[in-house]
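**Student:**
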Amino acid sequence: MTVAAVVDALSGPLPPLDEAVAGLGRDAGLVAWWGTEVPVDGPAHPTDEGYVLLDVGDATMLRNRVTRQDLYRTGVSPMRRALAGLLLEELAFAPTWAAEVVLTRADEDRLSAWMRAHLRLTTVLHPDRKVLLAPVRDAMDPGLREDGATARAARERFAAAGGPRPVRDPSVPFRRP
1 MTVAAVVDAL SGPLPPLDEA VAGLGRDAGL VAWWGTEVPV DGPAHPTDEG YVLLDVGDAT
61 MLRNRVTRQD LYRTGVSPMR RALAGLLLEE LAFAPTWAAE VVLTRADEDR LSAWMRAHLR
121 LTTVLHPDRK VLLAPVRDAM DPGLREDGAT ARAARERFAA AGGPRPVRDP SVPFRRP
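Take 1 as the starting number for the sequence shown in the numbering used here and just add one per residue.
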C-alpha cells in the first residue's frame with residue numbers, strides 16, 4: 001500500500017466515534033484522529049465539514065491503542081495529554097501528581113465524554129505501520145502531531161498545571177487520584 005493510498009483511506013468518511021471503535025480489531029495499522037471545536041490548526045477533512053486532522057499514530061493492535069490509551073487515561077496517551085492541556089479552562093480540569101501529572105478520575109471521564117462528542121477516527125490496517133507512519137504524518141501534517149510544537153506546548157501546559165512535583169513520603173502507600 002502506498003503512502004498516497006493510506007492518506008486517501010485515512011481521509012475517508014468519518015463515522016461516529018463509538019461506531020468506529022466498535023469496528024476495531026487486533027490488527028496493526030495507522031489511526032487518524034479528526035476533531036471539531038478543537039483549538040488547533042490542522043488540515044480540514046475533505047468531506048466532513050468542521051473537522052480538522054489532529055493526529056496520526058500507529059498501533060500494533062488498533063483496538064488497544066484507541067481503547068486503552070487514547071480514550072483511556074492521560075498518563076498513557078500523548079494526544080490525550082495535549083487535548084487536556086488545550087482544554088484546561090474550558091473543561092475546568094484540575095491536574096494532579098501521581099507518578100506524573102494526570103487527571104483525576106472524574107476529569108478523565110469528562111475528557112472522554114468530550115472526546116466522544118467532538119472527535120472522529122479513521123484507520124488503515126497495515127502490518128508495516130512503522131515504515132508508513134513518518135511519511136503519512138508528513139503528507140497529512142496533523143495539527144497535534146506528537147512531535148509538533150502545538151502538541152508539545154499543550155502537553156507542557158498540562159504538566160505545569162499540576163504544579164511542582166510533590167515530595168513523596170515513602171511511609172505512605174501510593175494511591176492514584
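Here a beta-carbon is modelled for each residue, glycine too, at the ideal position from N, C-alpha and C. Computed from a predicted structure; not experimentally measured.
Measure the C-alpha to C-alpha separation of G85 and G25 and round it to an integer number of angstroms.
**Tutor:** Approximately 30 Å, taken between the alpha carbons.
**Student:** Go through its chain and collect everything with a Cβ distance to Q69's Cβ below 6 Å, but skip five positions before and after it.
**Tutor:** Hits under 6 Å: V76, S77.
**Student:** Rounded C-beta distance between A59 and G29? I'm assuming under 8 Å.
**Tutor:** Sure, about 6 Å apart at Cβ, within 8 Å.
**Student:** I'd like to check one pair, V136 with V31: are the Cβ atoms closer than 8 Å?
**Tutor:** Going by C-beta atoms, V31 is not nearer than 8 Å to V136.
**Student:** Can you grab the Cα-Cα spacing for the pair P95 / P173, in whole Å?
**Tutor:** Distance between the alpha carbons of P95 and P173 is about 20 Å.
**Student:** Per DSSP, L30 is paired with what?
**Tutor:** L30 pairs with D58, V124.
**Student:** Cα separation between L87 and A113?
**Tutor:** Looking at the two C-alpha atoms, the distance is approximately 13 Å.
**Student:** So, for G35: in the same chain, excluding its five sequence neighbours on each side, which residues have a beta-carbon less than 7 Å away from its beta-carbon?
**Tutor:** Only Y51, V52, L54, H118, L119 meet the Cβ criterion.
**Student:** What does DSSP give as the partner residue(s) for T150 in the beta ladder?
**Tutor:** For T150, which the question treats as bridged, DSSP gives no partner whatsoever.
**Student:** Around the C-beta of A82, are 16 or more other C-beta atoms found within 10 angstroms, so that it is buried, or is it exposed?
**Tutor:** Buried is the call here.
**Student:** Which class does A20 belong to by DSSP, given the choice of helix, strand or coil?
**Tutor:** Helix.
**Student:** So, at 8 Å on beta carbons, what are the nonlocal neighbours of R145 in its own chain, with the 5 sequence-adjacent residues on each side left out?
**Tutor:** Closer than 8 Å at Cβ, skipping near neighbours: D55, V56, R137, A151.
**Student:** Is E100 buried or exposed, if buried means 16 or more other CB atoms sit within 10 Å of its CB?
**Tutor:** Exposed, by the Cβ-count rule.
**Student:** For the alpha helix (DSSP H) holding H45, just list the boundary residues, first then last.
**Tutor:** Here H45 belongs to no alpha helix (DSSP H), and DSSP marks it neither H nor E.
**Student:** Compute the Euclidean distance between the alpha carbons of P142 and T122, then round it to the nearest angstrom.
**Tutor:** Between P142 and T122, the C-alpha separation is close to 13 Å.
**Student:** Checking the sheet assignment: what are the DSSP bridge partners for V102?
**Tutor:** V102 is bridged to T96.
**Student:** For V3 versus L132, is the C-beta distance shorter than 8 Å?
**Tutor:** In contact: V3 and L132 (Cβ atoms closer than 8 Å).
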